[in-house]
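Chemist: Numbering-wise (this note's numbering), the sequence shown opens with residue -17 and increments by one.
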Amino acid sequence: MKLLYKPQDCVPFMSTVHMTNDDWLRRLQNPPVIEDKSLCDLAIYGTQIDNPELDPESCLPRNIADNMDCLYALQLDYEPDKKTGKGMSIDEFCDSYDFRYTIYTSYSYGLTPGDRYRVVAPLAEPLYVRNLNLFVKEALELHFKYCDVSCFHRGHWQKLPCKRSSDAPYRFYQHKGELLDLFSVEWQELENKRYAAHLEKLRKEEEARRRAREEECSDEDRRIAGAMRKAQAVIDEAQIGNRNNTLFSILCWLKSIDVERYTASELDVWDDMRADFQGMLNRIWN
-17 MKLLYKPQDC VPFMSTVHMT NDDWLRRLQN PPVIEDKSLC DLAIYGTQID NPELDPESCL
43 PRNIADNMDC LYALQLDYEP DKKTGKGMSI DEFCDSYDFR YTIYTSYSYG LTPGDRYRVV
103 APLAEPLYVR NLNLFVKEAL ELHFKYCDVS CFHRGHWQKL PCKRSSDAPY RFYQHKGELL
163 DLFSVEWQEL ENKRYAAHLE KLRKEEEARR RAREEECSDE DRRIAGAMRK AQAVIDEAQI
223 GNRNNTLFSI LCWLKSIDVE RYTASELDVW DDMRADFQGM LNRIWN
């Protein structure tokens, strides 16, 4: 498999390395002992873009999110919450999920109560980093409870299997299920729910801001704000084929009731009529 690789956390560059399945299994079975945590090597299971931005000193690609192209495995981090101590144990994870994954315990495993471990879950289809948007992240957070949410940020690096000492506790487990499919109907429904919830949240926030503004407005401001709401409602309901006439009529009406050009320009119009919109504003208010 192909990895984006950093030899240690502090370096500003990355490289692409190839690791065979046998190499990966040997690393899992016999993780190296690295006494200094800052010297542990890290990986992202994915690829970089063509023509990435380079680190000037090493002339290697910079380890920035904009240089990432796609992920072919999800990388999940699990640790007990520092405040509440709540989390998901390895056994609970195994009981909860049936897709294909590899689990290995983290560098700090055994220092405090609770399981600290990492999960690598190969994907049925690559996930392009540019598609790792808010709604995909929220769907992942909803599905993988107790997982560190930073795992779903672009450019999340994960330490490869290693131990802090030769006698430090260490576990690994490989589950041979189906590849995780983030494009399945189940996942699309989950993303759609998060998207709908997000839109509803934005609507409520905007409504609260509008009410707050209206409470602070003078009577004249209230009159103008009401006219703008009516104008926007008419524009939103305009049918294709009648948009030009509707928009022109609305702007003429706003001008007739002394709405300023600047205020009228804040109307939200269709993308394909923005140029016509500016032309109408110039003709009517000049």
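Just so you know, even glycine gets a beta-carbon here, dropped at the ideal spot from N, CA and C.
How far does the alpha helix (DSSP H) with E219 in it reach, from first residue to last?
Modeler: 201 to 219
Chemist: Tell me, which residues are paired with R100 by DSSP?
Modeler: D59, Y86
Chemist: Count the other CB atoms, across all protein chains shown, that sit within 10 Å of the CB of K158; report buried if there are 16 or more and exposed otherwise.
Modeler: Per the 10 Å Cβ criterion, exposed.
Chemist: Whose C-beta lies closer than 8 Å to the C-beta of S88 among residues of the same chain, with five residues either side of it excluded?
Modeler: Excluding positions up to five away in sequence, the list reads D59, E61, R98, Y99, R100, K141.
Chemist: Could you give the C-beta distance for L10 and Y86, rounded to a whole number, given that I count them as a contact under 8 Å?
Modeler: For L10 against Y86, the beta-carbon gap comes to about 6 Å, under 8 Å, which counts as contact.
Chemist: Do P108 and P13 have their beta-carbon atoms positioned less than 8 Å apart in this structure?
Modeler: no
Chemist: May I ask you to report which of helix, strand or coil DSSP gives T29?
Modeler: strand
Chemist: Kindly list the residues whose CB is nearer than 6 Å to the CB of G96, restricted to its own chain and excluding five residues on each side of it in sequence; keep chain order.
Modeler: P62, G69
Chemist: Under 8 Å by Cβ, that's how I've got K230 and M210 pegged, so tell me the actual separation to the nearest angstrom.
Modeler: Position check: residue 230 holds Phe in this sequence, whereas Lys was assumed. That belief does not hold up - the Cβ atoms of F230 and M210 are roughly 17 Å apart, past 8 Å.
Chemist: For the pair the stretch 45 to 52 and the stretch 18 to 37, tell me if three or more CB-CB distances fall below 8 Å.
Modeler: Taking one beta carbon from each stretch, the stretch 45 to 52 and the stretch 18 to 37 have 3 or more pairs nearer than 8 Å; the two touch.
Chemist: Can you check whether the CB of T(-2) is closer than 8 Å to the CB of K(-16)?
Modeler: yes
Chemist: Helix, strand or coil: which one does DSSP assign to D238?
Modeler: Inspection of the sequence shows that residue 238 is occupied by Ser rather than by Asp. Helix.
Chemist: Count the other CB atoms, across all protein chains shown, that sit within 10 Å of the CB of G28; report buried if there are 16 or more and exposed otherwise.
Modeler: The C-beta of G28 has 16 or more other C-beta atoms within 10 Å across all chains shown, which makes the residue buried.
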